[in-house]
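Asker: Quick one: the structure is below, questions incoming.
There are 2 protein chains.
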Amino acid sequence: MPQPDTLSQTACAHCSFNALCRFSLSAEEMLHLEPLVSHQKTLKKGDFLYRAGSAFQSIYAIRAGFFKTDILLEDGRTQVTGFQMEGDILGLDGIAANLHSCNAVALENSEVCIIPYSGIERISQKIYSLQHQLNQVMSREIVEDRHTMLLLGTMRAEERLAAFLVNLSKRFSERGFSSCEFHLKMTREEIGSFLGLKLETVSRAFSRFQEEGWICVQNKHIKINNLKKLESIVQA
Amino acid sequence: MPQPDTLSQTACAHCSFNALCRFSLSAEEMLHLEPLVSHQKTLKKGDFLYRAGSAFQSIYAIRAGFFKTDILLEDGRTQVTGFQMEGDILGLDGIAANLHSCNAVALENSEVCIIPYSGIERISQKIYSLQHQLNQVMSREIVEDRHTMLLLGTMRAEERLAAFLVNLSKRFSERGFSSCEFHLKMTREEIGSFLGLKLETVSRAFSRFQEEGWICVQNKHIKINNLKKLESIVQA
DNA sequence: CGCCAACTTGATGGCTGTCAAGTCAGGTGG
DNA sequence: CCACCTGACTTGACAGCCATCAAGTTGGCG
Chain A
0 MPQPDTLSQT
10 ACAHCSFNAL
20 CRFSLSAEEM
30 LHLEPLVSHQ
40 KTLKKGDFLY
50 RAGSAFQSIY
60 AIRAGFFKTD
70 ILLEDGRTQV
80 TGFQMEGDIL
90 GLDGIAANLH
100 SCNAVALENS
110 EVCIIPYSGI
120 ERISQKIYSL
130 QHQLNQVMSR
140 EIVEDRHTML
150 LLGTMRAEER
160 LAAFLVNLSK
170 RFSERGFSSC
180 EFHLKMTREE
190 IGSFLGLKLE
200 TVSRAFSRFQ
210 EEGWICVQNK
220 HIKINNLKKL
230 ESIVQA
Chain B
0 MPQPDTLSQT
10 ACAHCSFNAL
20 CRFSLSAEEM
30 LHLEPLVSHQ
40 KTLKKGDFLY
50 RAGSAFQSIY
60 AIRAGFFKTD
70 ILLEDGRTQV
80 TGFQMEGDIL
90 GLDGIAANLH
100 SCNAVALENS
110 EVCIIPYSGI
120 ERISQKIYSL
130 QHQLNQVMSR
140 EIVEDRHTML
150 LLGTMRAEER
160 LAAFLVNLSK
170 RFSERGFSSC
180 EFHLKMTREE
190 IGSFLGLKLE
200 TVSRAFSRFQ
210 EEGWICVQNK
220 HIKINNLKKL
230 ESIVQA
């Protein structure tokens, strides 16, 4: 099992599979699970956790750090499909074809738990809740992707950026970090790719939000002064 | 079990859960599954299969017909998140929160198999492959949504429509229908909503494709004369 | 200190949205 | 059977948002 150090505790407490690692399980169930999540991996900023087209074997639970996933078109265009932080699960896209369908890249030094997929399927036969939890995680991912489609299909630039900031704020908050002050791990270009905008447009929207006094931007450091206002922009 | 009429055979042969209904299972396994998929439902054009916010109990396998799923914003903006045809599964978005997160609407008279979710989880404990199949279906949905995000985030109007037509052609073909001639069940507005475009833009793109001789459009009837060309537009 | 990537800001243009008018198809009722 | 009506669609003119191109600034890192 992971050593109960500070790092793993903060990470696991909010992990989508926390029931799997340390909570809600009997001693006997724990015995089944031990070998499943005992392996971990550390990545440096810029490292690939996996690449599109590579063989799928495991899914990953982020213990610490920050990732992006993206897909490429032949002509070089890319789409960032999501940003993942501690507690999030990576790699579920690989189940469909036994191949990873996107790249997963660490945006800062990170640490993940490696969870062999075959092990999950096997143990799910014994531990009912694990299967349900996996289904929920995947379903949640579908719901979130649909929301991103709504953003890309119907919103304008400033609405998209506001939605992005509100979403980040909420996720940081859920993990015990400040909801109004945080560091962006990604570049303007990566934000733009995720939001279907060019980096210049992202930069201009940041500037406008700052002019209005809703946020303070200093490079990658963000301070949100008026979260309500940002939320109202999204709904507008 | 469903009566082995022509309708159900054509539908089930391509169903994502065909292994569940009639193939690859022992007689004993079949006994477990019988009660699961024995209920069906017919819908008329315009009927809701389920609505966003309603309680989640079952997923649905389309036996015949055509559906759209969409989500709404408070201000009335909507995003069509997908079109589903026979063999496709509807309702997986509801697992996350035990509530459906989108609307599912029949675009023509349709028929679905009702598959209670609790039953799936229960039987998955006995039939290993069912769980894996469900995971694959959900993973495939994630991969497809990511592809739609790529479309919405990086492609221009004509590229989007070309990708849409190529995708439809492929899916009709997989189901034994013509890959180059078919009827659109949805309106221009619904196509536009799915592609993040206005209906006028969709109409103009259709007209241009026809001027170029790549397709013939007559109302909702589509004939593809040059599929290769459409495919090349997507990649361009 | 110097270099380079990341970022900001300005000017311009183009794609697509918006508004508007007209056409077409399908269904209803006389 | 036909007039009518409504929703869906097409086409044109124009405008606005964002992409593109360009130049300059900042910050991080060797």
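Chains A and B are the protein sequences, given in the same order. In terms of numbering that gives the first Met the number 0, the first sequence has 85 at position 86, counting the first letter as 1, and numbering is strictly consecutive. In terms of numbering that gives the first Met the number 0, the second sequence has 203 at position 204, counting the first letter as 1, and numbering is strictly consecutive. The beta carbon of each residue, even a glycine, is placed where N, CA and C say it ideally should be.
Mapping DSSP to helix, strand and coil, what is B/Ser100?
Answerer: Looking at B/Ser100 - three-state DSSP - the assignment turns out to be coil, as it is neither helix nor strand.
Asker: Please go through the same chain and pick out, in chain order, the residues whose beta-carbon is closer than 6 Å to the beta-carbon of A/Phe65, but skip the five residues on each side of it.
Answerer: Excluding sequence neighbours, A/Phe65 sits near Met84, Leu106, Glu107 and Lys184.
Asker: Under DSSP, the beta strand (DSSP E) around A/Met84 begins and ends at which residues?
Answerer: First-last of the beta strand (DSSP E) with A/Met84: Thr77 to Met84.
Asker: Is it buried or exposed for B/Tyr116, if we count other Cβ within 10 angstroms and need 16 for buried?
Answerer: Classification for B/Tyr116: buried.
Asker: Kindly indicate which three-state DSSP category A/Ala51 falls into: helix, strand or coil?
Answerer: Coil, per DSSP.
Asker: Please return the same chain residues whose Cβ sits closer than 6 Å to the Cβ of A/Glu188, not counting the five positions on each side in sequence.
Answerer: Excluding positions up to five away in sequence, the list reads Leu198.
Asker: Do the stretch 130-144 of chain B and the stretch 87-106 of chain A touch if we need at least three Cβ pairs shorter than 8 Å?
Answerer: As far as the Cβ criterion goes, the stretch 130-144 of chain B touches the stretch 87-106 of chain A, which means the pair count is three or higher.
Asker: Show which residues of chain B have a CB atom less than 8 Å away from the CB atom of A/Asp236.
Answerer: Shown here, chain A extends from 0 to 235; a query on residue 236 of chain A therefore has no answer.
Asker: Please list, in chain order, the chain A residues whose beta carbon lies closer than 7 Å to that of B/Leu151.
Answerer: Neighbours of B/Leu151 on chain A, chain order: Met148, Leu151, Gly152 and Gly195.
Asker: Do the stretch 109-123 of chain B and the stretch 43-57 of chain B touch if we need at least three Cβ pairs shorter than 8 Å?
Answerer: Taking 8 Å as the limit for Cβ pairs, the verdict is that the stretch 43-57 of chain B does touch the stretch 109-123 of chain B.
Asker: Excluding sequence positions up to five away, which residues of its chain have a Cβ less than 6 Å from the Cβ of B/Lys43?
Answerer: Excluding residues within five positions, the ones whose Cβ falls inside 6 Å are Asn108.
Asker: Quick one: which chain B residues come within Cβ less than 7 Å of A/Ala95?
Answerer: Neighbours of A/Ala95 on chain B, chain order: Gln135, Ser138, Arg139 and Val142.
Asker: Since B/Lys219 contacts B/Ile113 with CB under 8 Å, what's their CB separation in whole angstroms?
Answerer: Not really, about 29 Å apart at Cβ, beyond 8 Å.
Asker: Count the other CB atoms within 10 Å of the CB of A/Leu196; is the residue buried (16 or more) or exposed (fewer)?
Answerer: Classification of A/Leu196: buried, given that the 10 Å Cβ count is 16 or more.
Asker: Using a Cβ cut-off of 7 Å, pull out every chain B residue sitting near A/Tyr127, in sequence order please.
Answerer: Within 7 Å Cβ-Cβ: Gln124.
Asker: Please confirm whether B/Leu150 and B/Arg159 have their CB atoms less than 9 Å apart.
Answerer: Cβ atoms of B/Leu150 and B/Arg159: closer than 9 Å.
Asker: According to DSSP, is B/His13 part of a helix, a strand, or is it coil?
Answerer: Correct three-state label for B/His13: coil.
Asker: At least one CB of chain B closer than 9 Å to the CB of A/Ile232: is that the case?
Answerer: Answer no: the Cβ-Cβ gap between A/Ile232 and chain B never drops below 9 Å.
Asker: Less than 9 Å between the beta carbons of B/Val201 and B/Gly191, yes or no?
Answerer: It is a contact, given that the beta carbons lie within the stated cut-off.
Asker: So, at 6 Å on beta carbons, what are the nonlocal neighbours of B/Phe208 in its own chain, with the 5 sequence-adjacent residues on each side left out?
Answerer: Cβ neighbours of B/Phe208 beyond the five flanking positions: Ile214.
Asker: Using a beta-carbon distance cut-off of less than 9 Å, what residues from the stretch 74-89 of chain A approach chain B?
Answerer: For the stretch 74-89 of chain A, which is checked against every Cβ of chain B, the residues closer than 9 Å are Asp74, Arg76, Thr77, Gln78, Val79, Thr80 and Gly81.
Asker: Under 9 Å between the Cβ atoms of A/Ser78 and A/Ile88?
Answerer: A small fix is needed here, since residue 78 of chain A is Gln in this sequence, not Ser. No. Outside cutoff.
Asker: In the DSSP assignment, what residue or residues form a beta bridge with B/Leu89?
Answerer: The partner list for B/Leu89 (beta bridge, DSSP) reads B/Tyr59.
Asker: Output yes if chain A places a C-beta closer than 9 Å to the C-beta of B/Ser109; else output no.
Answerer: Answer no: the Cβ-Cβ gap between B/Ser109 and chain A never drops below 9 Å.
Asker: Roughly how many angstroms lie between the CA atoms of B/His99 and A/Leu129, to the nearest whole one?
Answerer: The straight-line gap from Cα to Cα measures roughly 22 Å.
Asker: Near B/Ser172, what residues of its chain come up, given a Cβ to Cβ distance below 6 Å and the 5 sequence neighbours on each side ignored?
Answerer: Within the same chain, B/Ser172 has close Cβ partners Ser178.
Asker: Report, in whole angstroms, the separation of the C-beta atoms of B/Phe47 and B/Lys67, which I expect to be a contact under 8 Å.
Answerer: With 8 Å as the limit, B/Phe47 and B/Lys67 do not qualify as a contact, their Cβ atoms being about 11 Å apart.
Asker: How about A/Ser100: is its C-beta nearer than 9 Å to some C-beta of chain B?
Answerer: Yes, A/Ser100 counts as interfacial toward chain B.
Asker: Restricting to Cα atoms, I'd like to know which of A/Ala51, A/Leu226, A/Ala63 and A/Gly52 is closest to A/Glu180.
Answerer: Nearest C-alpha to A/Glu180: A/Leu226.
Asker: Cβ atoms of A/Arg62 and A/Val111: under 9 Å apart, would you say?
Answerer: Yes. Within cutoff.
Asker: Take A/Arg50 and list the residues in its own chain whose beta-carbon comes closer than 7 Å to its own, dropping the five residues that flank it on each side.
Answerer: Closer than 7 Å at Cβ, skipping near neighbours: His99 and Asn102.
Asker: What are the start and end residues of the beta strand (DSSP E) that includes B/Val216?
Answerer: Ile214 to Gln217 is the extent of the beta strand (DSSP E) around B/Val216.
Asker: Please list, in chain order, the residues of the stretch 188-216 of chain B that have any C-beta partner in chain A closer than 8 Å.
Answerer: Listed by position along the chain: Ser192, Phe193, Leu194 and Gly195.
Asker: How far does the beta strand (DSSP E) with B/Asp144 in it extend, from its first residue to its last?
Answerer: Run containing B/Asp144: none in the beta strand (DSSP E); it sits in the alpha helix (DSSP H), Tyr127 to Thr153.
Asker: Note the first and the last residue of the continuous alpha helix (DSSP H) segment covering A/Glu73.
Answerer: Premise fails: A/Glu73 is in no alpha helix (DSSP H) and is neither H nor E.
Asker: If contacts are defined as beta-carbon pairs under 8 Å, then A/Met137 and B/Met137 qualify, I think. What distance do you get, rounded to the angstrom?
Answerer: 4 Å between Cβ atoms; contact.
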